[in-house]
C-alpha cells in the first residue's frame, strides 16, 4: 500500500487499444492496494500533427499560442484514459496542468515548474479516484498555458512524485529499462537492475535517450526512486536511485556514445594569460555549448586549443572562431565533423584504479586512435573517428565484462 | 467604432486556408475601428474525430471526460486563429472557456451558462488585443470543463455579446443569411434582410437550421442584434432583431418544413374530464416532447386524440400509449411515420385576416390533404403526408409572393 506515480509516453497511448492496455496497467497497480496518479503524454503523432497545422498557418507561430495548441494533445490522452478506466468500473478523474495548478514561469515552449499545489490531487485521491494528469503542461500566474519542452511529461511525473511524496515514480517506455549500452550496437548489452542518479545523468547527457537529464536532476534533488520499465511487459526494469556504497562494486555501469560531435582546433595561439578565457567567453555569449577542451603547449610560446561542439552549433562556432583567429593572430582554424564521443560511466571508478588504461588499451588493441580525452569522477570520455564507434563500444563492453550480471 | 462579437462555425475553420480567411475577416473588422471578440467552433471534422476516438475506447463514455475531450477541438481553433492574426502583425490573444471564466451548471454535454465575468476580456481588449474565445465550452464552480451542447458556439457568442454590451453579434455561416424557405426546395427562395426574434424562433423550432432556438432566446432576452451572414462573401446577410411595427407590413416572413414528425392517434377514449391531462402528463414524465395535438369529440361520449412527436421519440411513445390504451379502455392506437409539418411564420399575421384560408386553399389546389392544423399568433402549421412537402412549400411560397422583396 503506497502512492505510485505512473507515467506513459505518447507511443503507449497511440491508439485506442494501447490506451486500454495502459488502463489495465493502471488498474493492476490500483488493485495491488496503491493510490495511483497517472501522467500521460499526447497520443502518438498528435503533437506532430498539431505542429503541422501551425506550420500551415505561419512560418513563425506565436509561442503562447503554440502552447495553447500543443497542450490539447495531452488533454485528449487524459480524457480517453480516464474514460477507459471508468469503463471498467474504477473511479478516475482527468486533470489538466491548469486544473492541478502546475505553476510555471512564463517561458513558453520550455517553461520551468515553479510550484505544484497538492490540494486538488490529494482531494481526488481521498475520494478513491485514480488521478490522470496531463504531462508536459502547466500554467503561469496569469493563467496562460505553458509547455515544458522535451521530456516534459517525465518532468511532470517526477515533480508530482516529489510533491506528493510518492513511494515510486514509474516511467513506462517502449524499452525494458536502461542498458549497459545501446542494444542495437551490442547484442550482449544487458539491462541494468539499478543505476545511480549521477550515472544516469552522465548516460542521459551522452545520448542514452531513455530520459532527459532534467527529470533525473529533479529526482536526485528530491530523492525520488524512478523505475524505468516497459509498457508492454510486466518484467522489472531499471531503478534509478541514490548512490549507495554497494554500487561501487561495479566499476563501469554503462557505455554511451554520441555521434553528434564536431571537433574544432585553433592553431598557434599566443601563449599568454587570458587567451583561452576570452575565446570561450565569446563562444558562450553566442549560446554555443562547448563540451570537451584540450590545450597543448609547445616550447616556442605558442599553443593549440581543441574543443568539441554539437553539429547544430558548428557553423556558428566557425564564424566566431574565424573572428577570434584574426583578433589573436592564430595561424588557422581546422574542424572535423566526423568525430564521436565514447564514454564509460560508473560511480565505482572513484575507488578503482586502472580503469582509464583498460579503456585505452581496448581501443588500442582494436586499432582505434584516441583524439581527445576527458575525465570526471564517474566518467571517462574519448573522442574518436565516428566510423569506429560501433567497434569501440563493442570492445569496451567486452573489456569490462558488461554482459555479465553484477548489480 | 464599436464592439463586435464575430462567431465562426467549424466549416469556416476546417483547414489552414479557411482559418487565414477568417483571420482576414476579423482584421477587416478591426481595421474599421472596432474592438473585436471572436468566437470559434472546432475545426471541421475534429469533433467527429474525437467522438470516434471515444467510441473506440468505450460504448458509454463518461460525460465529464467527454467534455474534457471535446473541448480540445475549440482550443485548437482559437490557438490557430490567434496565430494567423498575430502573423499579420495584429495583437491577439486566445482564451479557453475556463480562462474567460464562463461559469456553467454541472450538466455535462449540455451545460447551461450561469454567469460570464467580463474582467479578463475587457482587460485584453484594453491592451488592444483581438480576443479569440473558444465557443461551446465553459467551466463549473469546481473547475470541471463543460460543453454547451448543439449550437453551443452560437450561444457563447450571443451570451458574450450580451455581457459585453456589444453593438452587434455577427454569426458567420456557410449560407448567405436566413431565407424565406429552404433554397434547396424553392429556387425562388429569397434572403431576408430582417427578421424578428419571435419569427426566427418559430423558424428555428421548425427545422430551419441556421441557428438553434436557445441562442435566439438569449438574444431576444437581452435585445442583442444578430447578423447572420456568409463567411465567404462580404454581402449583408439577415439581421435578427426585436420586432418593430413596420415588420407587420409583411404578413408571412417565411416557410419552414419538418419531416422529422410522426403522428399518433388513440381511438375511442372515454369522454370524461382528466383523460387528456393524465395521458400527456404520463408522456411528459418520460421526457417525450409532444408537438401538435387535436381532439375530436363524437356524439356518443367517446372521442379520439391525435398528436405528433419527433421520430426519435416514436418507439417510447408507442410503449407509453399501449399502457394508456389498456388503462383507459381505448379501442386502439395507430401511428404514421410518414407525415411532415409545414408552417408559415410572420408577425404580420396578427393584423391581417385570411392568411390561414390562403394557405389551406393553396394546398387544396395542389391536391394536398391536411391531416392536422395548429395555429399560434405568428404561425400556422399543417401536418401533411411527407411525400408532399416539397410541392406544398412551393405552392405556399408562390401563394404569398415570397419571392418578391418586401422587407
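Chains as they are written, first to last, in the numbering used here: chain A, -2 to 404; chain B, -2 to 404. We put the CB at the ideal spot given by N, CA and C, even for glycine.
When DSSP labels each residue in this structure, what does residue i get in the three-state scheme?
| i | result |
| --- | --- |
| residue 219 of chain B | helix |
| residue 181 of chain A | coil |
| residue 259 of chain B | strand |
| residue 32 of chain A | strand |
| residue 280 of chain B | helix |
| residue 413 of chain B | Any question about residue 413 of chain B goes unanswered here, given that chain B covers just -2 to 404. |
| residue 380 of chain B | strand |
| residue 88 of chain A | coil |
| residue 332 of chain B | strand |
| residue 224 of chain A | strand |
| residue 69 of chain A | helix |
| residue 337 of chain A | strand |
| residue 105 of chain B | coil |
| residue 299 of chain B | strand |
| residue 401 of chain B | coil |
In chain order, what residues of the same chain lie with their CB nearer than 7 Å to the CB of residue i, ignoring the 5 residues before and after it?
| i | result |
| --- | --- |
| residue 106 of chain A | 60, 63, 64, 144, 146 |
| residue 24 of chain B | 82, 85, 87 |
| residue 272 of chain B | 266, 325 |
| residue 135 of chain A | 94, 99, 100, 101, 108, 110, 143, 145 |
Less than 6 Å between C-beta atoms, sequence neighbours within five positions excluded: which residues of the same chain meet that for residue i?
| i | result |
| --- | --- |
| residue 368 of chain B | 380 |
| residue 160 of chain B | 113, 115 |
| residue 291 of chain B | 303, 369 |
| residue 334 of chain B | 259 |
| residue 182 of chain B | 387, 390 |
| residue 392 of chain A | 359, 363 |
| residue 322 of chain A | 330 |
| residue 185 of chain B | 400 |
Roughly how far, in whole angstroms, is the beta-carbon of residue i from the beta-carbon of residue j, given that I think they are within contact range, below 8 Å?
| i | j | result |
| --- | --- | --- |
| residue 22 of chain B | residue 87 of chain B | Wrong, their Cβ atoms sit about 12 Å apart, outside the cutoff. |
| residue 338 of chain B | residue 305 of chain B | 7 Å |
| residue 52 of chain B | residue 100 of chain B | At roughly 30 Å, the Cβ-Cβ gap does not stay under 8 Å, so residue 52 of chain B and residue 100 of chain B are not in contact. |
| residue 36 of chain B | residue 132 of chain B | 4 Å |
| residue 236 of chain B | residue 191 of chain B | 5 Å |
| residue 249 of chain A | residue 399 of chain A | 7 Å |
| residue 117 of chain A | residue 97 of chain A | 6 Å |
| residue 210 of chain B | residue 201 of chain B | 4 Å |
Pick out whichever of the options has its Cα sitting closest to the Cα of residue i.
| i | options | result |
| --- | --- | --- |
| residue 365 of chain B | B:375, B:384, B:376 | B:384 |
| residue 13 of chain A | A:74, A:176, A:29, A:351 | A:74 |
| residue 119 of chain A | A:142, A:194, A:171, A:33 | A:33 |
| residue 327 of chain A | A:142, A:311, A:269, A:398 | A:269 |
| residue 329 of chain B | B:339, B:336, B:317 | B:317 |
| residue 252 of chain B | B:121, B:387, B:323 | B:387 |
| residue 240 of chain A | A:321, A:196, A:104 | A:196 |
| residue 214 of chain B | B:321, B:193, B:232 | B:193 |
| residue 362 of chain A | A:117, A:396, A:234, A:287 | A:396 |
| residue 341 of chain A | A:217, A:255, A:377 | A:377 |
| residue 310 of chain A | A:300, A:284, A:321, A:298 | A:284 |
| residue 93 of chain A | A:102, A:399, A:142, A:331 | A:142 |
| residue 163 of chain A | A:31, A:128, A:0 | A:0 |
| residue 220 of chain A | A:128, A:323, A:174, A:156 | A:156 |
| residue 312 of chain B | B:286, B:300, B:301 | B:286 |
| residue 126 of chain B | B:166, B:172, B:79 | B:79 |
| residue 2 of chain B | B:184, B:223, B:276, B:66 | B:223 |
| residue 170 of chain A | A:233, A:244, A:314 | A:233 |
| residue 352 of chain B | B:320, B:394, B:187 | B:394 |
| residue 152 of chain A | A:140, A:185, A:38, A:263 | A:38 |
| residue 42 of chain A | A:67, A:201, A:130, A:211 | A:67 |
| residue 225 of chain B | B:277, B:294, B:154, B:279 | B:154 |
| residue 320 of chain B | B:279, B:299, B:176, B:297 | B:279 |
Can you name, in chain order, every residue of its own chain whose Cβ lies under 8 Å from the Cβ of residue i, other than the five neighbours on each side?
| i | result |
| --- | --- |
| residue 40 of chain B | 7, 10, 11, 12, 16, 70, 73, 74, 77 |
| residue 348 of chain B | 245 |
| residue 264 of chain B | 301, 327, 328, 329, 330, 331 |
#### Entry: Near-chain B residues of the segment 60 to 75 of chain A - C-beta to any C-beta below 9 Å
61, 62, 63, 64, 65, 66, 67, 68, 69, 70, 72, 73, 75
### Message
Short of 8 Å Cβ to Cβ, which residues in the segment 101 to 114 of chain A face chain B?
### Response
none
### Proximal residues, the segment 133 to 156 of chain B versus chain A, C-beta separation under 9 Å
140, 141, 142
### Message
Please identify, using Cβ separations under 7 Å, the residues of the segment 219 to 230 of chain A that lie next to chain B, in order along the chain.
### Response
none
### Task
Residues of the segment 180 to 199 of chain A with a CB closer than 9 Å to any CB of chain B: list them in chain order, please.
none
### Query
Taking a cut of 9 Å between CB atoms, which residues from the segment 23 to 39 of chain A lie near chain B?
none
### Contact list for the segment 259 to 270 of chain B against chain A, Cβ threshold 7 Å
none
### Query
Of the residues that make up the segment 331 to 356 of chain B, which ones have a beta carbon closer than 8 Å to any beta carbon in chain A?
none
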